[in-house]
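Participant:
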Amino acid sequence: MSTIVGLSKNLKIAGYKLTPARLAVIEVLETCSEHLSHNQILEAGQKIYPKLSRATVYRTMELLVELKLVRPVYLNDPTQRFVSAAGGHHHLICVNCDTTFEFDHCTVNQLAQELTKQFHFKIHNHLLEFQGLCSACQQG
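Each residue of the sequence shown is one higher than the one before, counting from 12 in my numbering.
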């Protein structure tokens, strides 16, 4: 999730206090490249700020979603994880083994331009998921 930057600045601009607990959550989000769950954020955040509580993690993530700084994703399991709300985000998800591959190359920009023109809709970001079978599951 290293594409998440400026969370503390955006929280401050929105009028929210930057408590040590919130700063620990933000540091975890800004330095980790994975799609983290609440539990993973809590575990990593407690290494930065040992007093970080589960409730604070949930409230902070809810606030970041509300402010449209992050968004939740469900990668073929019921666990809510978080990604940056900026730009595009792309996954290949195996429906058999739940392996998720993240990819950066996206050619959806032309489609976005067509949709913008057709519907007079200004697109800010997108989430693209393809579901199918990975090479290992195709062999098995």
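Using N, Cα and C, we set each Cβ at its ideal position, and we do this for glycine too.
With a cut-off of 8 angstroms on the beta carbons, I'd call Leu-103 and Phe-141 a contact; round off their distance for me.
Facilitator: Sure, about 5 angstroms apart at Cβ, within 8 angstroms.
Participant: How is Gly-26 classed by DSSP in three states: helix, strand or coil?
Facilitator: In this structure, Gly-26 counts as coil in the three-state DSSP scheme.
Participant: With DSSP as the reference, identify every bridge partner of His-101, one or two as the case may be.
Facilitator: Beta-bridge pairing links His-101 to Leu-139.
Participant: For a test of the three-state rule: what should DSSP assign to Thr-90, helix, strand or coil?
Facilitator: Of the three classes helix, strand and coil, the one that applies to Thr-90 here is coil, per DSSP.
Participant: Where does Val-84 fall in DSSP's three states?
Facilitator: If DSSP states are grouped into helix, strand and coil, Val-84 belongs with the strands.
Participant: Consult DSSP for Glu-38 and reduce its assignment to one of helix, strand or coil.
Facilitator: Looking at Glu-38 - three-state DSSP - the assignment turns out to be helix.
Participant: Whole angstroms are fine: how far does the CA of Ser-146 sit from the CA of Leu-63?
Facilitator: The straight-line gap from Cα to Cα measures roughly 41 angstroms.
Participant: Could you tell me whether the region 104-111 touches the region 121-138, where touching means 3 or more Cβ pairs closer than 8 angstroms?
Facilitator: The region 104-111, when compared against the region 121-138, does not touch it at the 8 angstroms Cβ threshold.
Participant: For the alpha helix (DSSP H) containing Glu-54, list its first residue and its last residue.
Facilitator: It spans 49-59 - the alpha helix (DSSP H) in which Glu-54 sits, taken as one unbroken run.
Participant: Express the C-alpha separation of Glu-45 and Lys-20 in angstroms, rounding to a whole number.
Facilitator: Their backbone Cα atoms lie some 22 angstroms apart in a straight line.
Participant: Using CA atoms only, rank isn't needed, just tell me which of Ile-24, Ala-25, Met-72 is closest to Glu-173.
Facilitator: As shown, the chain starts at 12 and ends at 151. That puts residue 173 outside it, with no answer to give.
Participant: For Phe-132, write down the residues that DSSP places opposite it in a beta bridge.
Facilitator: In the DSSP output, where bridge partners are listed per residue, Phe-132 has none listed.
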